[in-house]
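To start, the structure under review is shown below, and the notes come after it.
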């Protein structure tokens, strides 16, 4: 059909219906009224369809004969969704039309010649019916004209499939339901010799000649009885239409879209093909690595990736990957490791139909990944769920249709795996992806990561594990632990050149040279005496070689040094730097003030106009996010930062400068050095990346060793981190009934990363001794109980079961060093819980480990002779309580003389710990009173904003400042944001890029879909008949 509105003529044949329809309102004359001998005429209908954008306009013109309506009980709703009851409404037009038809015979009456009988068998008026549908609006037009014809047959135009595409879904469902229910009514009516028995058969076959003879006995439409009954029928029709149209208006079924249905069908077919390709042993991987072509199109659309690197193709086509073996792969930073993991995750979600867990090191990276993958989830039909901080549901919602991608921090990933094991659903987890795998050797977080992977390996043989890192050395130990294959490449999309600066000379790192470096050039700069004194390391000269047209990162040893260096550089920059993207930099300052209630750091106020800013943990989350966005878009060209940025969000630069070979007071490690210089060179933007390490003569030898030695090995911290490591592991093993006796627990320990490295790590004690010692400690602490099992002809064997306190501790992921203290505090709190304000509850949920780091300002609160930890914890409680009341970090920071970044960390830690205490209390019945109280407190601590902003802040990446902007712009709920147009958001919200707007809307849609799906699952669960229902059991026994 041409979009220009080509006219298509269709022949409308007479149809015999099984029941009266809309055609009965415009009923044709019966056979008794038609004069014999006239030839049968076929009416031609004209269908005019015009497509304008995504809306259609359809016109159907059909000539039909009209007589007084005898039966108006048609149950079909043919009126689109135009359900107004106003005077000019469609219903009113129908009413007027009926009045006209009732008067048609009288208008044609000849006073002197015709009787009532003649009127009934005489001439009949014809109307030309024109139905025009535009979108969801239906307009009825009647053009009256008179014809003298005989033996015309009733013509009924039933809505064809074309006509229903733009009709609201409630109407379509109405048609389908009535189509099914009307058959019985039609069968019954054909037996009655009444006017109602005149019906049409739906289809394109012609009515036989004698078909009209079957319906000759009809009531006299002009009799008084007929007129009275007609009035009643008309009222009945009107009431019925009102009821039906009101019901349709309330229906909440989704609008049918042919395009969307076709796309979903095509995607489903491609996924089935891809699934078969994965299951087969063929080398043909389908259109895009066993994934639908839509995935490739989405990568082009969302990330601009049109082609994979050669190493990525090689890695994805490895036999070990095809056979779903565990895999470790290592490449330099910026090599594109994450893309490989994403493709493998999509294969698992779409083709194998299993859930996926992705473990990332930091909350900021989790949120970044959630934003990036939500768009894929919306398009491809899977859920993306966040497990970070206090977010995440345990156990996760069990979904029957769509699968879930869980993106979690290390701690939340461990809790998620525990809950899946406990509910017997660990086999539903098809793939676990670990980014920054080298962190398995870093303190307590490494111990938690090791526990998580060990439990997955032990409990699910069908779950694949993929680990990736840029800094791995002792890969053999990791391979043995994970039972994995290994792939590595030195590929880097942008060449990286490493330099060392000593005084005015710059040397290039060269592994082939005798001392590891070769002379490159002298730094050409003209410094005044004042500048030499202020900038002895020539930072200004090194930075101005690349900025403002390119970006630069300057890593500093401490947070204070970051701020000082930023100010110093701006002091000596030319005024020309102020003009570079001046307007946009003023916008950044304006937005920083907006998100901080009018406050602005004086240092940032001086440095941002030059395109310079500092970046460290002293910034609030809102400030950090805003500065990162400005840096990514090139508005800011230089960051002075601490080493945490190297392991955080991806902010690459043309040149990376290391201010000194130190992190705080510790000398730089090889792994840290590699992470920092790995930020140099932006793929697709820069042709080269440079790193310059500034050093003094005294550090020269250490630095030469640093650049030449291999990366540090990863070693297990499972035993070193006693309460957070091996004890927590044993408690969860027994609590989850993975291993409950000494032999099984020892066997499990042999399969851990620590078990693989026990010969290296254990010098004095054996693994068996450490296992017994840890179990004894847990038993003495009241977390485990020991049972004796007497076995004949064998030695006495011990088994263990977990106590209530032990279960509460491992379910709440409480550090075992504090579980007894927490229990005591909660127990004591029950004796006199003060609920006049939140202060008492806040004290109970203030993290214990942060109290030791607190240094109270006793000029504000008088010193008291009590336990220092209690006083410090109480002091932090005052900080949190004040913050919840004022919700302004700046004022609280000023009041308590604390860095605003520290207060933000305290708030985040308190929210997370409050969630842990909640899970702790859920396992102990005596603490029932805390459950409801802590749910609300956790929510308050998580968001720390006014109640109306909380729904918006549930969306990943939306912080307080952005939530205020959205709320003020009229986007006051999750539904508003999910249905927002990104282009409108860009124009409405200040300093919002198109990419950010799209990610925000996608995240909101994903969250909305998750909530709707969860409610639907709950409804289905409630309505489902239990499998152990008595009648079913009884019938099965009889059978």
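Residue numbers (UniProt numbering): 1 to 1039.
Ideal Cβ positions, reconstructed from N, Cα and C, are used throughout, including at glycine.
Here the structure is a predicted model, which means the values were calculated and not measured.
Find the nearest neighbour of residue i within the set the options, judged by alpha-carbon distance.
i            : options             : result
residue 505  : 477, 451, 696       : 696
residue 771  : 782, 752, 760       : 752
residue 822  : 370, 314, 917, 881  : 917
residue 395  : 939, 401, 422       : 422
residue 725  : 448, 305, 293       : 448
residue 1040 : 842, 730, 817       : Nothing in the structure corresponds to residue 1040, since the chain is present only between 1 and 1039.
residue 536  : 518, 521, 503       : 503
residue 427  : 411, 451, 445, 459  : 459
residue 686  : 881, 319, 291, 334  : 334
residue 452  : 470, 477, 481, 474  : 481
residue 630  : 584, 292, 509       : 584
residue 478  : 464, 496, 450       : 450
residue 316  : 301, 294, 288       : 288
residue 574  : 547, 328, 565, 906  : 547
residue 928  : 826, 907, 1025, 952 : 826
residue 663  : 476, 557, 1021      : 557
residue 635  : 577, 766, 645, 688  : 577
residue 813  : 912, 721, 738       : 912
residue 690  : 301, 419, 344, 499  : 499
residue 616  : 645, 593, 520       : 645
Run through DSSP, which three-state label would residue i get?
i            : result
residue 1020 : helix
residue 679  : coil
residue 914  : helix
residue 799  : strand
residue 431  : strand
residue 702  : helix
residue 470  : coil
residue 527  : coil
residue 571  : helix
residue 967  : helix
residue 691  : strand
residue 533  : helix
residue 878  : helix
residue 491  : coil
Skipping 5 residues on each side, what residues in its chain have a beta carbon closer than 8 angstroms to that of residue i?
i           : result
residue 567 : 603, 606, 607
residue 362 : 409, 647, 648
Does residue i get closer than 9 angstroms to chain C when you measure Cβ to Cβ?
i           : result
residue 665 : The displayed structure is made up of one protein chain only, and chain C is not part of it.
Quick one: what's got a C-beta closer than 6 angstroms to residue i's C-beta in the same chain, skipping five residues either side?
i            : result
residue 589  : 608
residue 1042 : The chain is shown only over 1 to 1039; residue 1042 falls outside these bounds and no answer can be derived.
residue 337  : 331, 468
residue 441  : 714, 715
If you drop the 5 nearest sequence neighbours on each side, which residues of the same chain put their C-beta closer than 7 angstroms to that of residue i?
i            : result
residue 986  : 992, 994, 997
residue 903  : 879, 883, 889, 892, 893
residue 1030 : none
residue 877  : 839, 842, 843, 846
residue 982  : 994, 997, 998, 1001
residue 411  : 448, 813
If you measure from the CB of residue i, is any heavy atom of the ligand NAD nearer than 8 angstroms?
i           : result
residue 733 : This structure does not include the ligand NAD; it has no bound ligands of any sort.
Is there contact here, the segment 947 to 956 with the segment 888 to 898, by at least three beta-carbon pairs under 8 angstroms?
Touching, no, given that fewer than three Cβ pairs across the two stretches are closer than 8 angstroms.
Quick one: which unbroken alpha helix (DSSP H) runs of 4-plus residues sit fully inside the segment 287 to 324? Chain order, please.
Taking 4 residues as the shortest admissible run, the segment 287 to 324 contains the following complete alpha helix (DSSP H) segments, listed from N- to C-terminal end: 293 to 303, 310 to 316, 319 to 322.
Unbroken stretches of the alpha helix (DSSP H), 4 residues or longer, contained in the segment 884 to 945:
Within the segment 884 to 945, the complete alpha helix (DSSP H) runs of at least 4 residues are 889 to 896, 900 to 922, 928 to 943.
In chain order, each beta strand (DSSP E) run of at least 3 residues that lies wholly inside the segment 803 to 874
Fully enclosed beta strand (DSSP E) runs of 3 or longer: not present.
Beta strand (DSSP E) runs contained entirely in the segment 321 to 396, provided each spans 3 or more residues:
Runs of beta strand (DSSP E) with 3 or more residues, each lying fully within the segment 321 to 396, are found at 326 to 330, 355 to 359, 383 to 387, listed in chain order.
Please confirm if the segment 768 to 787 is in contact with the segment 799 to 818, defined as three or more CB-CB distances below 8 angstroms between the two stretches.
Counting Cβ pairs under 8 angstroms, three or more are found: they touch.
Contact between the segment 969 to 978 and the segment 928 to 947 (3+ Cβ pairs under 8 angstroms):
Flag = no, the segment 969 to 978 and the segment 928 to 947 do not touch.
With contact counted as at least three CB pairs below 8 angstroms, one residue from each stretch, are the segment 620 to 635 and the segment 954 to 962 in contact?
Touching, yes, given that three or more Cβ pairs across the two stretches are closer than 8 angstroms.
Could you check whether the segment 337 to 355 touches the segment 398 to 406, counting it as contact only if at least three pairs of C-beta atoms, one from each stretch, sit closer than 8 angstroms?
Segments in contact, yes.
Just list the alpha helix (DSSP H) runs in the segment 728 to 792, keeping only unbroken ones of 4 residues or longer that don't cross its boundaries, in chain order.
Taken in chain order, the whole alpha helix (DSSP H) runs of length 4 or more contained in the segment 728 to 792 are 742 to 750, 753 to 756, 758 to 761, 767 to 780.
Is there contact between the segment 305 to 319 and the segment 653 to 665, where contact requires at least three CB pairs shorter than 8 angstroms?
Contact fails: fewer than three Cβ-Cβ distances are below 8 angstroms.
So does the segment 635 to 642 actually touch the segment 558 to 575, counting three or more Cβ pairs closer than 8 angstroms?
Contact between the segment 635 to 642 and the segment 558 to 575 is present: 3 or more CB-CB pairs across the two stretches fall below 8 angstroms.
Counting Cβ pairs, one atom from each stretch, are 3 or more of them under 8 angstroms apart for the segment 1004 to 1021 and the segment 378 to 395?
Result yes; three or more Cβ-Cβ pairs closer than 8 angstroms.
What ranges does the beta strand (DSSP E) occupy inside the segment 587 to 649, keeping only unbroken runs of at least 3 residues that lie completely in it?
Taking 3 residues as the shortest admissible run, the segment 587 to 649 contains the following complete beta strand (DSSP E) segments, listed from N- to C-terminal end: 612 to 615, 638 to 641.
The segment 664 to 684 / the segment 697 to 712 touching (three or more Cβ pairs under 8 angstroms):
Cβ pair count under 8 angstroms is three or more, so yes.
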